[in-house]
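S.K.: Protein chains in written order, with the working numbering: chain A, 3 to 293; chain B, 1229 to 2066.
Glycine is no exception: its CB is placed at the ideal position from the N, C-alpha and C atoms.
Nothing here was measured: the structure is a model prediction, and the numbers come from that model.
Can you read through this structure? Questions will come right after.
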Ligand SMILES: Cc1cc2nc3c(=O)[nH]c(=O)nc-3n(C[C@H](O)[C@H](O)[C@H](O)COP(=O)(O)OP(=O)(O)OC[C@H]3O[C@@H](n4cnc5c(N)ncnc54)[C@H](O)[C@@H]3O)c2cc1C
Ligand code: HEM
Ligand code: SF4
Ligand code: SF4
Ligand code: SF4
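What follows is the structure in structure tokens.
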């Protein structure tokens, strides 16, 4: 039923890439040994033109992905082709360059291409690895259901805190209000937790409530010192709700982290692609002008 | 004061009643009479149903093909404009209307009716036009002072009208809860529940009301086990009144600004019956029998509008006009008569349309005893199809082109003789009746049989929601009535004879298909008459594992799941669908049930005992082998599925998600999905900016995620009460909503999978260049928070749902846009593959 993007249509694009690589190798080898291989022979030109074509084709994925009523294959097919052809490009372009490197625009284009491809490899790894991790993390639920449950628990905690003394009530409210779920991309990736709490009996300032640990330990210690039976049972209830809250926040943050992993590499892959296109253009112009 | 006797009293000032009253006023003037007509309205203003639409609602004037025939004006527009035009119309036409006059009884017969009002007054009249609609009257509190006023209300139009008030909401149904929650934003709210739980509420409402009650920071309180004892009206408008409650802790008085009682409506049927009007059966949607003149079985008592089964405003108004004509003895042709003529135009008769109508009704035994009005409606809503040879077709086609220029919207439908009327595997669900000529049906096995005038076909797909199993081929010069599903279901609900006629034949055909017997049609009919049709609600058990069985079931509609094992360890192993047998093993050797059979959705099935079964198979010995091999396949499949512990639970999960009644549902493999939401974006981008699937919502199990998105159900629940008939199923199976949606929201309520949303039109996106170079609007793939423009607001919200991208040549955009292959679309037939693949 489901076919992942590598297996797409029984490895159609893996096969295509292998054929391309073999053909490229054959063309390269026909250069013989009299003259050192380079980009200027007819073989070099062929490989060069083909590499440039591949780069354009690979870049076109970004457009195809957004042509929502396109009749040109499926995005999965395109991505599958992208991955395998991108990998074959690594070899084909290297053969085109014939291992000649130096401090010039030509090598810059080559290095950028390598960078794009490497970032692509990393992206592919995230695509193949993280969905499973996220599925396990969610275990039948979804980000949306966790957030809903969290909101509900917050309401319940607020309610129950009504039966506690002011000090605890305020503390609990401040813990809820100052829970930080999502920050910038960096904090999503690192799952840093900037949650705070204000414990008035100790200080006027906010202190860290990372992983809800501070509030939980405070409540646990407050439990034996409750004023009366009603408060004790309320604190007990709130405590258990905060524990669930802690767990929920963990799941939610992990989801955010995974989603960030799945996206962040594109922030390198795409700008590098643009840089590559620019460098490639200059490379081609230079070759023609200084011929 | 001696009361004069009216010529006609019209009850209910909805569109139907208003139009009737205006026409009656016209005759009154023309005849120089005074007070010959009277319009009685229970509400304090005109047309309560329309008054209660949400503010600013765009009222539609569907159906487009029908012209308005009424002295009152009506055109599509805002609720306020429509009501204002009618108010002016009341003045201009000199309508004699009295408000706040609820009619509680009608006795007598033409020309001596007595109409009794709630205030005890009696009015005498020669004729009565009943146009009280279907909304019913709100159940009142039943206490002194409970009349509708600014203090006691039975509806709530706009919760924002209240701020910082204390309001008591009485009732525990969805309407009460929704009102109470709406008010709770800015007010102190008490909700009064007669019981100790909210048992009647939808799950969403239930959760919301409980969390509002539990939330102590809200001014939202609930009194359980509480009745209303009395009310004290406020002394003046700005003061508070009070409500006294009978609570388990004793009496409690609450000072409040307003009481909103939502105790449900009393359906009008009882009242109508009390006037002597008969209904054909007990089904809740049955409609009283009416003649050509909208007259009920009580002479002189006419029924029009929604109550008479016509759910749209324009129809109601036309009937209002016509009924007064009939009362004045004018034999006019109904407003839709030209449509009828156009429909019959290309038939080879020289006859008046009305005569053709009568001829056809006589041709078909099942329709013979239908009332003429209902048959007329059937024809108007149907297509008349004629199959001609090549030459005849070309000639007729030319005539058709000429007629089309005249702007009619209904025509005789032309096909070529020998063409397929429908094909195997097609999802159409229209019903065909042959009035002339022959049609031949060819089954999958290539068997072919002929049907003649008076017979019908296509009932299987109509009843089961499954694709066609045969090809239907038109014979030369045959003429057919092609009736849409909705009309046919309505007819079957209101006419027992038609229902029985169809059921009898469909039983014969279903048995024929399942058992392939060698019996004469007479023998088959006799046998079918003894076969019972049984119905099971979702989750009801057909039989239990280990029981001794004496029957087998042949499924007509729905899905039955087979499970093995006891209580907590029950494992769903297979599901069976329409046309398949359940429990046949009991009659084929082993009387002990090997499985538990449960209805996964609502199921209709034929129940056969041993004797009936033997009669069927004895006549064709070869069939026994076929049945045995089918059974062997089933057992193998079921054991395979039952052996993988997880797969069994997946099956259960899928059925719970409604995939048992799905024809095409979106399933996402969580192990592949990278949460890029390209699927949702693709949907929005190909459907005017509104995504019809919500990837992140919906349930998951064992790595399979069923997002909120349409299942394209076999028998779509959403189609049930669509007044505009805007929801259809395409031949290829897609359930979609067309432009005639009037935004009533019924389908949103009826879909059990929360798929349909009411939505404004989204702003149009700029062209790619305008976006790139001028920075206008949103670019491809960008959705964000669009700004709804005034025009879209004016048009109002319409229902939107997935249409399986039926207008894209490529097929579903969601699936095609997924970069990882995580999103696929499946039908129940793919369950085995899906489960095995895990
Ligand atoms: C939310 C919603 C949206 C709709 N939108 C559209 C639309 O856009 N276009 C469209 O064509 N149709 C629409 N409809 C359908 C349309 O409202 C009805 O078809 C139409 O109102 C039927 O008219 P009627 O005259 O038969 O009955 P109603 O309009 O229901 O009128 C009945 C009247 O009788 C009065 N009455 C009832 N009982 C008594 C009694 N015992 N004594 C005295 N008076 C009584 C009532 O107060 C009421 O005023 C919509 C329906 C709903 C619910
Ligand atoms: C020079 C070579 C390459 C170029 C120019 C290139 C360019 C691009 C571009 C423009 C996109 C579209 C991003 C977007 O629109 O969101 C993309 C996506 C992607 N690339 Fe590459 N890429 C190259 C090589 C590779 C390689 C070698 C791999 C992996 C082996 C790879 C894996 C991917 C993946 C997985 C995506 C995401 C697809 C999606 O989510 O739709 N790329 N690439
Ligand atoms: S909208 Fe709902 S009821 Fe209608 S076909 Fe889709 S899933 Fe079924
Ligand atoms: S909202 Fe739904 S039920 Fe109502 S008219 Fe539109 S499609 Fe039909
Ligand atoms: S497009 Fe595919 S991978 Fe992206 S969110 Fe949708 S199902 Fe998941």
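Within the 8 Å Cβ cut-off, does residue 1485 (chain B) reach chain A?
M.R.: Sequence index remark: in the second chain, residue 1485 (chain B) carries index 257 (1-based). No, its Cβ sits nowhere closer than 8 Å to a Cβ of chain A.
S.K.: Find the nearest neighbour of residue 1783 (chain B) within the set B:1829, B:1747, B:1754, B:1773, judged by alpha-carbon distance.
M.R.: Taking the first residue of the second chain as 1, we reach residue 1783 (chain B) at position 555. Residue B:1829 is the option with its Cα nearest to residue 1783 (chain B).
S.K.: Spatial neighbours of residue 1941 (chain B) within its chain, please: C-beta separation below 8 Å, excluding the five flanking residues on both sides.
M.R.: Residue mapping note: residue 1941 (chain B) aligns to position 713 of the second chain, counting from 1. Correct list, in chain order: 1693, 1886, 1889, 1890, 1891, 1963.
S.K.: Pull up the DSSP beta-bridge partners for residue 1265 (chain B), would you.
M.R.: As a position in the second chain, residue 1265 (chain B) is number 37, starting the count at 1. Beta-bridge pairing links residue 1265 (chain B) to B:1236.
S.K.: Helix, strand or coil: which one does DSSP assign to residue 272 (chain A)?
M.R.: Locating residue 272 (chain A) in the first chain gives position 270, counting from the first residue. Three-state DSSP puts residue 272 (chain A) in a helix.
S.K.: Given the structure, does residue 1902 (chain B) come close to ligand 5, in the sense that its CB is under 7 Å from one of the ligand's heavy atoms?
M.R.: Numbered from 1 along the second chain, position 674 holds the residue referred to as residue 1902 (chain B). Checking every heavy atom of ligand 5 against the Cβ of residue 1902 (chain B), one is found closer than 7 Å.
S.K.: To the nearest angstrom, how far is it from the Cα of residue 1913 (chain B) to the Cα of residue 163 (chain A)?
M.R.: Mapped onto the second chain, residue 1913 (chain B) falls at position 685. Mapped onto the first chain, residue 163 (chain A) falls at position 161. Their Cα atoms are separated by approximately 47 Å.
S.K.: Skipping 5 residues on each side, what residues in its chain have a beta carbon closer than 8 Å to that of residue 1935 (chain B)?
M.R.: Mapped onto the second chain, residue 1935 (chain B) falls at position 707. Once the five neighbours on either side are set aside, the close Cβ partners of residue 1935 (chain B) are 1894, 1896, 1921, 1922, 1923, 1924, 1925, 1926.
S.K.: Helix, strand or coil for residue 1230 (chain B), going by three-state DSSP, please let me know.
M.R.: Taking the second chain and counting its residues from 1, one reaches residue 1230 (chain B) at position 2. Its pLDDT being 44, under 50, residue 1230 (chain B) is placed unreliably in this model, and the coordinates cannot settle the point.
S.K.: By the three-class DSSP mapping on this structure, what secondary structure does residue 1935 (chain B) have?
M.R.: Taking the first residue of the second chain as position 1, residue 1935 (chain B) is located at position 707. Residue 1935 (chain B): strand per DSSP, three-state reduction.
S.K.: DSSP on residue 1416 (chain B), reduced to helix/strand/coil?
M.R.: Here residue 1416 (chain B) refers to the residue found at position 188 when the second chain is read from its first residue. Three-state DSSP puts residue 1416 (chain B) in a strand.
S.K.: Could you check the C-alpha separation between residue 1564 (chain B) and residue 1536 (chain B) for me, to the nearest Å?
M.R.: By one-based count along the second chain, residue 1564 (chain B) stands at place 336. By one-based count along the second chain, residue 1536 (chain B) stands at place 308. Whole-angstrom Cα-Cα distance: 17 Å.
S.K.: List, in order along the chain, the chain B residues whose C-beta lies closer than 7 Å to that of residue 157 (chain A)?
M.R.: By one-based count along the first chain, residue 157 (chain A) stands at place 155. Chain-order list of chain B residues neighbouring residue 157 (chain A): 1439, 1443, by C-beta distance under 7 Å.
S.K.: Examine ligand 4 and report whether any of its heavy atoms sits within less than 7 Å of the Cβ of residue 1278 (chain B).
M.R.: As a first step, residue 1278 (chain B) must be located in the second chain, where it is residue number 50. Answer for residue 1278 (chain B): no, Cβ out of range of ligand 4.
S.K.: Would you report the Cα separation of residue 1715 (chain B) and residue 1631 (chain B), rounded to the nearest angstrom?
M.R.: The residue you call residue 1715 (chain B) lines up with position 487 of the second chain. The residue you call residue 1631 (chain B) lines up with position 403 of the second chain. Taking the straight line from one Cα to the other gives about 26 Å.
S.K.: For a cutoff of 8 Å on Cβ pairs, would you count residue 142 (chain A) as touching chain B?
M.R.: For the purposes of this step, residue 142 (chain A) is taken as the residue at position 140 of the first chain. Judged by the 8 Å Cβ criterion, residue 142 (chain A) is in contact with chain B.
S.K.: Might you give, ordered along the chain, the residues of its own chain that have their beta carbon closer than 7 Å to the beta carbon of residue 1414 (chain B), omitting 5 neighbours on each side?
M.R.: Numbered from its first residue, the second chain carries residue 1414 (chain B) at position 186. Closer than 7 Å at Cβ, skipping near neighbours: 1390, 1391, 1392.
S.K.: From residue 1229 (chain B) to residue 1352 (chain B), what distance separates their C-alpha atoms?
M.R.: To locate residue 1229 (chain B), count along the second chain from 1; it is residue 1. To locate residue 1352 (chain B), count along the second chain from 1; it is residue 124. Annotation note: pLDDT 37 at residue 1229 (chain B) (below 50); position unreliable, coordinate value reported separately. Cα-Cα distance, rounded: 13 Å.
S.K.: Tell me whether residue 101 (chain A) is buried or exposed, calling it buried when 16 or more other Cβ atoms sit within 10 Å of its Cβ.
M.R.: Numbered from 1 along the first chain, position 99 holds the residue referred to as residue 101 (chain A). Classification of residue 101 (chain A): exposed, given that the 10 Å Cβ count is below 16.
S.K.: I'd like to know whether the C-beta atoms of residue 1944 (chain B) and residue 1539 (chain B) end up nearer to each other than 8 Å.
M.R.: Residue numbering aside, residue 1944 (chain B) sits at position 716 when the second chain is read from its first letter. Residue numbering aside, residue 1539 (chain B) sits at position 311 when the second chain is read from its first letter. No, the pair does not count as a contact, with Cβ atoms beyond the cut-off.
S.K.: Kindly list, in the order they appear in chain A, the residues whose Cβ is closer than 7 Å to that of residue 2052 (chain B).
M.R.: Residue numbering aside, residue 2052 (chain B) sits at position 824 when the second chain is read from its first letter. Those are 3, 4, listed as they occur along chain A.
S.K.: Expressed to the nearest angstrom, what Euclidean distance is found between the alpha-carbon atoms of residue 1241 (chain B) and residue 1428 (chain B)?
M.R.: In the second chain, the residue the question calls residue 1241 (chain B) occupies position 13. In the second chain, the residue the question calls residue 1428 (chain B) occupies position 200. C-alpha separation (whole angstroms): 32 Å.
S.K.: Is any beta-carbon of chain B found at less than 8 Å from that of residue 85 (chain A)?
M.R.: As a first step, residue 85 (chain A) is located in the first chain; it is residue number 83 there, counting from the start. Residue 85 (chain A) does not count as touching chain B.
S.K.: Beta-carbon separation of residue 1357 (chain B) and residue 1350 (chain B) under 8 Å?
M.R.: The residue given as residue 1357 (chain B) occupies position 129 in the second chain. The residue given as residue 1350 (chain B) occupies position 122 in the second chain. For residue 1357 (chain B) and residue 1350 (chain B), no; Cβs fall outside 8 Å.
S.K.: Any idea what DSSP makes of residue 1790 (chain B), helix, strand or coil?
M.R.: If you number the second chain from 1, residue 1790 (chain B) lands on position 562. Residue 1790 (chain B) falls in the strand class under three-state DSSP.
S.K.: Under 6 Å from any heavy atom of ligand 3, by CB: list those residues in chain order, please.
M.R.: Listed by position along the chain, the residues with Cβ atoms less than 6 Å from a non-hydrogen atom of ligand 3 are B:1938, B:1939, B:1940, B:1941, B:1944, B:1945, B:1946, B:1963, B:1979, B:1981, B:1983, B:1984, B:2029.
S.K.: Using a Cβ-Cβ distance cut-off of 8 Å, determine whether residue 249 (chain A) contacts chain B.
M.R.: Within the first chain, residue 249 (chain A) is the residue found at index 247, counting from 1. When Cβ-Cβ separations below 8 Å define contact, residue 249 (chain A) makes no contact with chain B.
S.K.: Closest by CA to residue 1497 (chain B), which one among B:1707, B:1608, B:1365, B:1770?
M.R.: Start at 1 with the first residue of the second chain, and residue 1497 (chain B) comes out as number 269. Restricting attention to B:1707, B:1608, B:1365, B:1770, the CA atom closest to the CA of residue 1497 (chain B) is found in B:1365.
S.K.: Between residue 2058 (chain B) and chain A, is any beta-carbon pair separated by less than 8 Å?
M.R.: If you number the second chain from 1, residue 2058 (chain B) lands on position 830. Yes, its Cβ sits closer than 8 Å to a Cβ of chain A.
S.K.: Does the beta-carbon distance from residue 1709 (chain B) to residue 1663 (chain B) come in below 8 Å?
M.R.: By 1-based counting over the second chain, the position of residue 1709 (chain B) is 481. By 1-based counting over the second chain, the position of residue 1663 (chain B) is 435. Yes, the Cβ-Cβ distance between residue 1709 (chain B) and residue 1663 (chain B) is below 8 Å.
S.K.: Which of the residues in the stretch 1956-1974 of chain B, read from start to end, lie with their CB under 7 Å from any CB of chain A?
M.R.: The stretch 1956-1974 of chain B vs chain A, Cβ under 7 Å: nothing.
S.K.: Within its chain, find whatever has a CB closer than 7 Å to the CB of residue 1197 (chain B); leave out the 5 residues flanking it on each side and keep chain order.
M.R.: This structure cannot settle anything about residue 1197 (chain B), because the visible part of chain B is limited to 1229 through 2066.
S.K.: Check each candidate in B:1399, B:1440, B:1868 and name the one with the smallest Cα separation from residue 1490 (chain B).
M.R.: Stepping through the second chain from its first residue, residue 1490 (chain B) is reached at position 262. The candidate whose alpha carbon is nearest that of residue 1490 (chain B) is B:1399.
S.K.: Tell me whether residue 115 (chain A), by its Cβ, gets closer than 7 Å to a heavy atom of ligand 2.
M.R.: For the purposes of this step, residue 115 (chain A) is taken as the residue at position 113 of the first chain. Yes, the Cβ of residue 115 (chain A) comes within 7 Å of a heavy atom of ligand 2.
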